[in-house]
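Below: the structure, in structure tokens.
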Amino acid sequence: DKYTLEQSFTNHAHTGSVRSVACAPKLLASGSTDENIRIFSMSKRVDVGTLVEQQGTINCLQFFEDSHLFSCSEDSTICIWDVHNWECMKTLRGHKAGVNCISVHPSGKLLLSVSKDKTLRTWNLIKGRCAYITNLKAIASIVVWSPSGSLFAVLFDKRVDVYDISVGDVIHSIAVEHKAVCVSFLTKHIISVGTENGNIELHNIETKSVITTFEAHSNRVKDMFVTPSHNSWLFSISSDGFLKLWELDHNNLSKKPKLLTSVDTTCRPNRLTVWTNNAGESTDENIRRISDDDEKPMKRKKLK
């Protein structure tokens, strides 16, 4: 089969650099250095409003199912948004510096966050408060849960620490020669690391070994995404401007992934998310539209 990547929508709503993106079944959210979160309808490919609450760059966004949106900011806060009315339900405070990344547990009951204050925080989302604080020796840039929620990875400049929640500690530490830029779980025990020199490394957490390293881009790998419904597909973006789609052979991961297609975005992308059209054609869910001028909710609008 032949695959192509074609641009179907573009938007210049932000006045600053876009630092984070996230998808839900019907929505796309983007966060920027302009301190705003923009919400887009994926069915109509239009901007449906702006969320303004945090006073700093929006470093990371994540939807939980189609009910909540989580955002973390350089102002050290984490906001939890109700997607049905776009109200900020809760602001989680505790970090002493900017929050670099957040990751919601697959159960929706826990949230992890890493900050420039050199801490990893575990938040109890049922009670809406911090449950644990783990002091780190360096600033972590990314934290991400495994698909099963039994493991999570914390990314540093030259290292990735993998934690097991059953033991509450690091079970494997991956050292990388070049600066690590992004990390993603392919499966429960297989992790991919994108580096500054354009390589992607695949590591087996169980055997604590490197499976393979391949040259994916000519410049730093900025982000990667494994499609949940097709974990043989790995998307990657780079400072070289290219978006690439790779096919992994899970029966032989030591073999270099097959490049299915690539496209020059003609820009310097920062973040990547993949939207799969699995929401169906019809929905009776109402999404409130937010005006661009005074941020007051407009008349409810049904997204098809």
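First residue of the sequence shown? That's 2 in the working numbering, and the numbers climb one at a time after it.
Heads up, the beta-carbon is just placed ideally off N, CA and C, and yes, glycines get one too.
Separation of I79 and L121 (C-alpha to C-alpha, rounded to the nearest whole angstrom) is 13 Å. Beta-carbon to beta-carbon, K189 and A176 are separated by about 22 Å, too far to satisfy the 8 Å threshold.
Taken in chain order, the unbroken stretches of beta strand (DSSP E) that lie wholly in the stretch 111-158 and span 3 residues or more are 111-116, 120-125, 130-136, 143-146 and 152-156.
Note that the C-beta distance between S77 and H96 is below 8 Å. Within the stretch 158-241, the beta strand (DSSP E) runs of at least 3 residues that lie entirely inside it are, in chain order, 160-165, 170-176, 181-186, 191-196, 200-205, 210-216, 222-227 and 234-239. Residue environment: L260 is assigned as exposed (fewer than 16 neighbouring CB atoms within 10 Å of its CB, all protein chains considered).
As a beta-bridge residue in DSSP terms, K91 pairs with I81.
The C-alpha of C102 is placed about 12 Å away from the C-alpha of A154.
The continuous beta strand (DSSP E) containing T262 extends over residues K259 to D265.
Only buried fits E75, as 16 or more other CB atoms lie within 10 angstroms of its CB. The C-alpha of V19 is placed about 4 Å away from the C-alpha of S33. Sixteen is the threshold: when 16 or more other Cβ atoms of the shown chains lie within 10 Å of the Cβ of M225, as they do, the residue is buried. Residue range V19 to C24 is occupied by the beta strand (DSSP E) that includes V22. If you look at D48, you'll find it in the beta strand (DSSP E) that goes V47 to L52. DSSP, read as helix, strand or coil, puts N37 in coil.
Residue environment for D162: buried (at least 16 other C-beta atoms within 10 angstroms of its C-beta).
Per the coordinates, the alpha-carbon of L152 lies some 20 Å from the alpha-carbon of K119.
Under DSSP, G32 takes part in a beta bridge, and its partners are S21 and I38.
The three-state secondary structure of C268, taken from DSSP, is coil.
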